[in-house]
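Protein chains: 2
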Amino acid sequence: MSDFAPSVSRLIDELKRLPGIGQKTAQRLAFFLLRSDRDQALGLADAIREAKDKIRECSVCNNITDTDPCQFCTSATRSRKTICVVEEPPNILAVEKTRQFSGLYHILGGALSPLQGIGPEQLKIKSLIERLKGGTVEEIIIATNPTAEGEATAVYLSKLIKPLGVRVTRIAMGIPVGSDLEYADEVTMMKAMEGRRDL
Amino acid sequence: MSDFAPSVSRLIDELKRLPGIGQKTAQRLAFFLLRSDRDQALGLADAIREAKDKIRECSVCNNITDTDPCQFCTSATRSRKTICVVEEPPNILAVEKTRQFSGLYHILGGALSPLQGIGPEQLKIKSLIERLKGGTVEEIIIATNPTAEGEATAVYLSKLIKPLGVRVTRIAMGIPVGSDLEYADEVTMMKAMEGRRDL
Chain W
1 MSDFAPSVSR LIDELKRLPG IGQKTAQRLA FFLLRSDRDQ ALGLADAIRE AKDKIRECSV
61 CNNITDTDPC QFCTSATRSR KTICVVEEPP NILAVEKTRQ FSGLYHILGG ALSPLQGIGP
121 EQLKIKSLIE RLKGGTVEEI IIATNPTAEG EATAVYLSKL IKPLGVRVTR IAMGIPVGSD
181 LEYADEVTMM KAMEGRRDL
Chain A
1 MSDFAPSVSR LIDELKRLPG IGQKTAQRLA FFLLRSDRDQ ALGLADAIRE AKDKIRECSV
61 CNNITDTDPC QFCTSATRSR KTICVVEEPP NILAVEKTRQ FSGLYHILGG ALSPLQGIGP
121 EQLKIKSLIE RLKGGTVEEI IIATNPTAEG EATAVYLSKL IKPLGVRVTR IAMGIPVGSD
181 LEYADEVTMM KAMEGRRDL
């Protein structure tokens, strides 16, 4: 005999599939949903369904969106001169939070990783090159992750795009603001030294 | 302009309502759901809906259940002589995990807490007394939480039930197995001394 009613077990199993959610957390969430009022619990169920039904990829920048093209690509207030290239849609948020960037985005859908069989064809690179053809874009900011894959992707893109006469830049790597040099790993420290600026 | 498409924002907001889920985790879960295949994401939505539709309270023990009476109350293999009294349905799991208890359960729906306006009428105490009337029940094990409220509830129940000629016991409080005396708080240590047994 299972300790839970079948529909409770099923809910716990479904919750356990989520990243970072183990048995205990899944149980806690399931009992929370069972205790909460019907509208609230079904609100979550409906939100999942609605998101899966409505969300598609923007045909311009590959961001996830309700409308095609997405809110960034159709915005009248954003500059068309700069495109920030990121690996995945959530990365946009990190850039947006700075409130310093008002250009457009391009989502690659990952980074080059020969070991995982991800080559240039698996990424949305062709459509990025297409976007440069109008001559409006003056700068590509490459904001892929500071990992081996992200770096390789940045180098690959820069070799591809520079010959087209577009400026290619890479976000700075270095010591995070508010941290302590004591805890910096040697690679980050090396990048911080390399990227030093005149005061 | 929001950083996310409206249906993504809604999904994040709904996930944030869950206990222990903040903005960052909600975003991570939302993007996971958006990336995962349709069946898997909708599996969670359907499980929530199914649980909310099917789950009711057992009319005997107040456990959450698909069927009324619940799997414990209808089980042919469980002894009807002992009832373990707990505060909430998830507490049953802690008892079941021991594999030592094969009696029935009774869920109070909380513990006495005058400060929060929870008196005996707000708990499922009347139905517990009803269950004792047949004369089958020989022992009530009170497994409310080892808190002030749980203790008060245990004392209240014991005063109510003992006169009916039913044995009333309370789960032991003491040092958890595998821990270190060094880290035991004084109240737990006091309970451990009080509850000492002959070797």
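Chains W and A, in that order, are what the protein sequence lines are.
Count the first sequence with our numbering and you get residues 1 to 199, in order.
Count the second sequence with our numbering and you get residues 1 to 199, in order.
Beta carbons: idealized from backbone N, C-alpha and C, even for Gly.
Who are the Cβ neighbours of residue i in its own chain at under 6 Å, not counting the five residues just before and after it?
i: A/S79; result: S102 and G103
i: A/C70; result: C58 and N63
i: A/L33; result: A41
i: W/K191; result: M173 and G174
For residue i, name the three-state secondary structure that DSSP assigns.
i: A/T77; result: coil
i: W/V8; result: helix
i: A/R56; result: strand
i: A/L34; result: helix
i: A/S179; result: coil
i: A/V155; result: helix
i: A/V137; result: coil
Nearest by alpha-carbon distance to residue i: which of the options is it?
i: W/D209; options: W/E50, W/L199, W/G43 and W/A76; result: Because chain W spans 1 through 199 in this model, residue 209 of chain W falls outside it and cannot be assessed.
i: A/R28; options: W/P89, W/N63 and W/R56; result: W/P89
i: W/V200; options: W/C73, W/I129 and W/R170; result: This structure cannot settle anything about residue 200 of chain W, because the visible part of chain W is limited to 1 through 199.
i: A/T25; options: A/R35, A/S36, A/I12 and A/D37; result: A/I12
i: A/P19; options: W/M173, W/S7 and W/Q40; result: W/Q40
i: A/A152; options: A/L123, A/P163 and A/I175; result: A/L123
i: W/D68; options: W/E139, W/R35, W/D37 and W/K54; result: W/K54
Short of 7 Å in beta carbon distance, which residues of its chain neighbour residue i, apart from the five on each side in sequence? Order them along the chain.
i: A/G150; result: E87, A111 and T144
i: A/E92; result: For clarity, residue 92 of chain A is Ile in the given sequence; the question names Glu instead. N63, V86 and Y105, listed in sequence order.
Checking contacts by CB at 8 Å: is residue i closer than that to chain W?
i: A/K191; result: no
i: A/S79; result: no
i: A/T136; result: no
Grab me the residues of residue i's own chain with a C-beta within less than 8 Å of its C-beta, minus the 5 sequence neighbours each way, in chain order.
i: A/V95; result: C84, V86, F101, Y105 and A143
i: W/T147; result: A111
i: A/K16; result: G22, Q23 and A26
Any Cβ of chain A within less than 8 Å of the Cβ of residue i?
i: W/S102; result: no
i: W/K226; result: In this structure chain W extends from 1 to 199, so residue 226 of chain W is not present and cannot be described.
i: W/K85; result: The sequence shown places Val at residue 85 of chain W, not Lys. No, W/V85 lies away from the interface with chain A (no Cβ there is under 8 Å from its Cβ).
i: W/I118; result: no
i: W/P90; result: yes
i: W/I107; result: no
i: W/E96; result: yes
i: W/Q122; result: no
i: W/L42; result: yes
i: W/I141; result: no
i: W/A47; result: yes
i: W/R99; result: no
What in chain D is Cβ-close to residue i, meaning under 8 Å?
i: W/E50; result: As a matter of chain content, chain D is missing from the structure shown, whose protein chains are W and A.
The region 14 to 32 of chain A: positions lying closer than 9 Å to chain W by Cβ = E14, L15, R17, L18, P19, G20, I21, T25, Q27, R28, L29, A30, F31 and F32
Quick one: which residues of the region 153 to 183 of chain A get their C-beta closer than 9 Å to a C-beta of chain W? List them in chain order.
-> none
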